[in-house]
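Below is one structure, written out as structure tokens; comments come after it.
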Amino acid sequence: MSSSFTHQFDTPTYKGTSTVPTGLFINGKFVEPVEKGTIDVLNPALTAEAVNGKVITSVAAERWGLKVPGTQRGRILNKLADLIQANADEFSALEVLNVGKTFNAARNADIPGSIAVLRYYAGWADKIQGKTIETNEKKLAYTRHEPIGVVGAIIPWNYPLMMLSCKIGPALAAGNVVILKPSELTPLTALRLCPLLVEAGFPDGVINIVNGYAFTGSTLTGRKIMEAASKTNLKDVIFELGGKSPSIIFDDVDLEQTVKWVSRGIFTNQGQVCTAGSRIFVQAGIYDKFLKAFTEHALSLKVGDPFARDTYQGPQRIMGYIKSGKEDGATVHIGGERHGNEGYFIQPTIFTECKSNMKIVQEEIFGPVAAVVKFTTEEEAIEQANNTLYWSCLLCLHQDIDRAIRVAHSIEAGTAWINCHNSTELSVPFGGFKQSGIGRELGEYALEHYTNVKAVHVNIGHRI
Amino acid sequence: MPSTFAHEFKTPTFQTKVAFSTGLFINGQFVDGSDNTTIDVINPTNGKVITSVSEGTSKDVDLAVEAAHKAFDTTWGLHAPGAQRSILMAKLAALMEKNADELAALEALDNGKTFKWARNADVAGSIDCIRYYAGWADKVTGQVQETTEDKLTYTRHEPIGVVGQIIPWNFPLLMMAWKLGPALACGNTIVLKPSEFTPLTAIRMCHLINEAGFPPGVVNVVSGYGNTVGNAISSHMKIEKVAFTGSTLVGRKIMEAAAKSNLKNVTLELGGKSPNIIFDDADIEQAVNWAVHGIFWNHGQTCCAGSRIFVQEGIHDEFLKRFTEKTRSLKVGDPFAPDTFQGPQVSEIQFNRIMSYIESGKAAGAKVEIGGERLGSEGYFIKPTIFTNVDPSMKIVQEEIFGPVGVVIKFKDEEDVVRQANDTVYGLAAAVFTQNLNRAINTAHRLKAGTAWINCVNSLHSNVPFGGFKQSGIGRELGEYALANYTAVKSVHVNLGHRM
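So the protein lines, in turn, are chains A and B. All residue numbers for the first sequence refer to my numbering, where the first residue is 1 and numbers rise by one. All residue numbers for the second sequence refer to my numbering, where the first residue is 465 and numbers rise by one.
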């Protein structure tokens, strides 16, 4: 019998009890790991709770695939979405407890987003199509887009339930069986999901949740995974990795809107977003006005109890980069310090007088730390924006249609946002150029990664 | 100054003089390697040196990448619209057609395949492939998605930039075409390493690329060895994508190098041990002819070769008799003689490898129905070989031999043969011979392979995708599917009114 974790929520935004099974979910059941071991799950806002888990190998049953028609797979995925919806508040509260994001953000972004992704891919499940290809009249040639079989998924801690949904959505729609490892830091919503998987009607073994440790770091993890793939069975790999995305603001912007979007770009989820607009390039003509308005807005963001009604930013985990920014000579315009002395809260921070070789400008901080850089010409902005190993996203703010589209097209990034930021859509693909990743998630594009193309050639008369 | 290869072909099927520089092709020029060394090109019919070509090093790869980046930023990429790329590619195809006989002769001389096959399969297929992708160049399309009315979202399928391509020796020109086609159509610039065993047609192509009018730096060809040039390409920090065709062993090294360098995207076309399944109701004459084509075409040096031939018990003895007869009739000898079916294997290394597999088969107790030994005493000729009385644990049944060696296995029923056929780490191709519609389609669908042939084998087209399941590879070449390997998807979200 594996154990469970029960928590009583009594907060301004949520009151209720949640029980989360804490074993490994394999083949439809909760089991103890082969080697007894546990991972401590920390509530980044308060205290430590203990959860069972350790990585073991598991065998997933193949009672899925093409034996269960797409329409049926879609129905089950939709049922799962319904069940999460029915328990939306509880899932939100667990996510807040585990990650430290605010209840408002979890309830209005993470959980509805997760539900929407599952419904989106439920709709694709019976629309997986190959092609017939004209060659000559003595041959019938067509392709089948078959499920791959067993796929592995390893997800991060910044949007636990959302990342889980983005992975299982297309994988299951395409007929694969999944072994998923949540982050060892944030397993609670994944575990809470498991009984719902059974209730939704997924056959045993179709989705397996196995807790365990991964390597630290994101791009580093990506490398280790690809290396492991090359040394074992050459499995196909896709990655969503880090970013150091530029936000580019031209003189002719709507200042009020710009400040709000840029702030959303860097301070959403405490800056713990791969797409965070962490390098903010501001054209000289509007620089002073922008900085003043941006600073005022940043100072108005409440840092504190994630369950409080008006908190914008919850607690988090990193300070070393701020120190390096100060040491490298950047100016701390606001913030730059810890907030309070319990938990992992950091003040929203803006650095100015940044130079492109500083660590705070080159490396992904993954925190509420913005580096603001002044520029004069469009060419300069593009060159500086492209001067990075990462190529994740771009925010481009201005009203001139030619410039808007031209700049968006010139920046080497997987997503370009014009006059908005961190505005992801389920039907639009998402992924990185260069060291920000391989492959695309979301949209129809994700299905490619979860299908194996088989070409069938039927000879209907060519004799040799 | 790099050397010139000057040669006179005086053969029964082809006579002409050729002369061209054999330097590295970087930024539109033929140059010496940085270390001023060369690689000997060996004639596999007799082991003698044909000529030597410049040898590249990692420094030369750096130079090539630099040239490729410059071209991508100025004269190629999206600076050369699709229609323009299409015209240049069509010109290249026309020049290949004009020089088709010469290309075929060079291929036969270098690789050992027969001039006839080189002309009718390799060169014809290469021209077709370049023409096919020339047609795609102005049809690279993205998507517009419906989200809400205050947003416009669309995707651009942009070229990646500089791509690395490493090709094998078994179909040198064809493999070059399969790589150049989609990469150029999508607007990428290229650094390509031909096999050190068979560089001649790749180098000759560079002259045609100049003649066609491609801007300098768009295509760069650096001859060299795998552990120098190949490794430099797969580890290069400024190459965002590498495509490799070759052995599974080297495929792993490429993926590892990509992981350790800059996480470049990797597509791989690797080995196979493809099953060819013949049911009782097959058209036996056709099954025999296709089976011969399946394992003996190109001297068995084909990744998708039908090397495990499963024959249902009812038809087994008759099939084996006819298959052996047909094999006996295949002429092995001078690639330039008009009635030769099979020339030598490509190199001494390959020859030794195949002979050692043959020896292992004999030692394990398999029966040699025909062949099983060298032909003659000069060059790397091996007699077409058929083994029977094998069991699945034998190396000749499990491992890819890459030579004219087939194993014939008797089977009982569909369940039995599908299980045996799928019992391999590979999954490149499979073939089924039967006249029964349901059995044909169901079996083809159940076989774990990227290509399933029904009543044919080794029958490819530029427009039908090709690639492996399992350890036979990652990604698909040919067809529209190949374009995905050479584009970077950018999503653009335009806010038309959502105010915060």
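Note that CB positions come from ideal geometry on N, CA and C, so glycine has one too. Nothing here was measured: the structure is a model prediction, and the numbers come from that model.
Inter-residue spacing [alpha-carbon to alpha-carbon] between residue i and residue j
| i | j | result |
| --- | --- | --- |
| residue 481 of chain B | residue 687 of chain B | 23 Å |
| residue 84 of chain A | residue 114 of chain A | 9 Å |
| residue 118 of chain A | residue 455 of chain A | 29 Å |
| residue 238 of chain A | residue 609 of chain B | 23 Å |
| residue 750 of chain B | residue 882 of chain B | 21 Å |
| residue 951 of chain B | residue 621 of chain B | 5 Å |
| residue 447 of chain A | residue 207 of chain A | 17 Å |
| residue 100 of chain A | residue 306 of chain A | 6 Å |
| residue 50 of chain A | residue 421 of chain A | Because residue 50 of chain A sits at a pLDDT of 26, beneath the cut-off of 50, its placement in the model cannot be relied upon, and the following sentence gives the value as read from the coordinates. C-alpha separation (whole angstroms): 37 Å. |
| residue 162 of chain A | residue 91 of chain A | 11 Å |
| residue 503 of chain B | residue 516 of chain B | 5 Å |
| residue 787 of chain B | residue 752 of chain B | 5 Å |
| residue 722 of chain B | residue 698 of chain B | 6 Å |
| residue 27 of chain A | residue 112 of chain A | 27 Å |
| residue 310 of chain A | residue 190 of chain A | 27 Å |
| residue 341 of chain A | residue 304 of chain A | 12 Å |
| residue 348 of chain A | residue 379 of chain A | 30 Å |
| residue 785 of chain B | residue 778 of chain B | 13 Å |
| residue 863 of chain B | residue 231 of chain A | 18 Å |
| residue 583 of chain B | residue 228 of chain A | 42 Å |
| residue 173 of chain A | residue 192 of chain A | 21 Å |
Opposing strand residues paired with residue i [DSSP bridges]
| i | result |
| --- | --- |
| residue 628 of chain B | B/655 and B/706 |
| residue 955 of chain B | A/415 and B/619 |
| residue 917 of chain B | A/457 and B/895 |
| residue 493 of chain B | B/490 |
| residue 431 of chain B | Residue 431 of chain B is absent from the model: chain B starts at 465 and stops at 964. |
| residue 207 of chain A | A/178 |
| residue 549 of chain B | Answer by DSSP bridge pairing: none, since residue 549 of chain B is not bridged. |
| residue 729 of chain B | B/705 |
| residue 146 of chain A | A/452 |
Check whether residue i and residue j have beta carbons under 9 Å apart
| i | j | result |
| --- | --- | --- |
| residue 941 of chain B | residue 791 of chain B | no |
| residue 384 of chain A | residue 290 of chain A | no |
| residue 808 of chain B | residue 623 of chain B | no |
| residue 636 of chain B | residue 710 of chain B | no |
| residue 579 of chain B | residue 469 of chain B | no |
| residue 619 of chain B | residue 443 of chain A | yes |
| residue 345 of chain A | residue 284 of chain A | no |
| residue 286 of chain A | residue 328 of chain A | no |
| residue 547 of chain B | residue 684 of chain B | no |
| residue 733 of chain B | residue 931 of chain B | yes |
| residue 549 of chain B | residue 681 of chain B | no |
| residue 872 of chain B | residue 854 of chain B | yes |
| residue 89 of chain A | residue 159 of chain A | no |
| residue 372 of chain A | residue 294 of chain A | yes |
| residue 475 of chain B | residue 803 of chain B | no |
| residue 524 of chain B | residue 485 of chain B | no |
Three-way DSSP call (helix, strand, coil) for residue i in this model
| i | result |
| --- | --- |
| residue 470 of chain B | strand |
| residue 734 of chain B | coil |
| residue 671 of chain B | helix |
| residue 4 of chain A | strand |
| residue 881 of chain B | helix |
| residue 26 of chain A | strand |
| residue 53 of chain A | Caution is warranted here: a pLDDT of 29 is assigned to residue 53 of chain A, below 50, making its placement in the model unreliable, and the coordinate value is therefore given only provisionally. Three-state DSSP puts residue 53 of chain A in coil, outside helix and strand. |
| residue 48 of chain A | In this predicted model, residue 48 of chain A has a pLDDT of only 25, less than 50, meaning its place in the structure is not dependable enough to derive any value. |
| residue 717 of chain B | helix |
| residue 937 of chain B | strand |
| residue 265 of chain A | helix |
| residue 483 of chain B | strand |
Closer than 9 Å to chain C by CB, residue i
| i | result |
| --- | --- |
| residue 236 of chain A | In the structure shown, chain C cannot be found, because the protein chains are A and B. |
Could you please tell me which residues of the region 908-921 of chain B, in chain order, have their CB closer than 8 Å to any CB of chain A? 908, 909, 913, 914, 915, 916, 917, 918, 919 and 920
Determine which residues of the region 740-771 of chain B have a Cβ less than 8 Å from any Cβ of chain A, and write them out in chain order. 750, 753, 754 and 757
The region 935-958 of chain B: which residues have C-beta closer than 9 Å to a C-beta of chain A, in chain order? 935, 936, 937, 938, 939, 940, 942, 943, 944, 945, 948, 952, 953, 954, 955, 956, 957 and 958
What are the residues of the region 416-429 of chain A that lie near chain B, defined by any Cβ-Cβ distance shorter than 7 Å? 416, 417, 418, 419, 420, 423, 425, 427, 428 and 429
Would you list, in chain order, the members of the region 613-629 of chain B that have their beta-carbon closer than 9 Å to a beta-carbon of chain A? 615, 616, 617, 618, 619, 620, 622, 624 and 625
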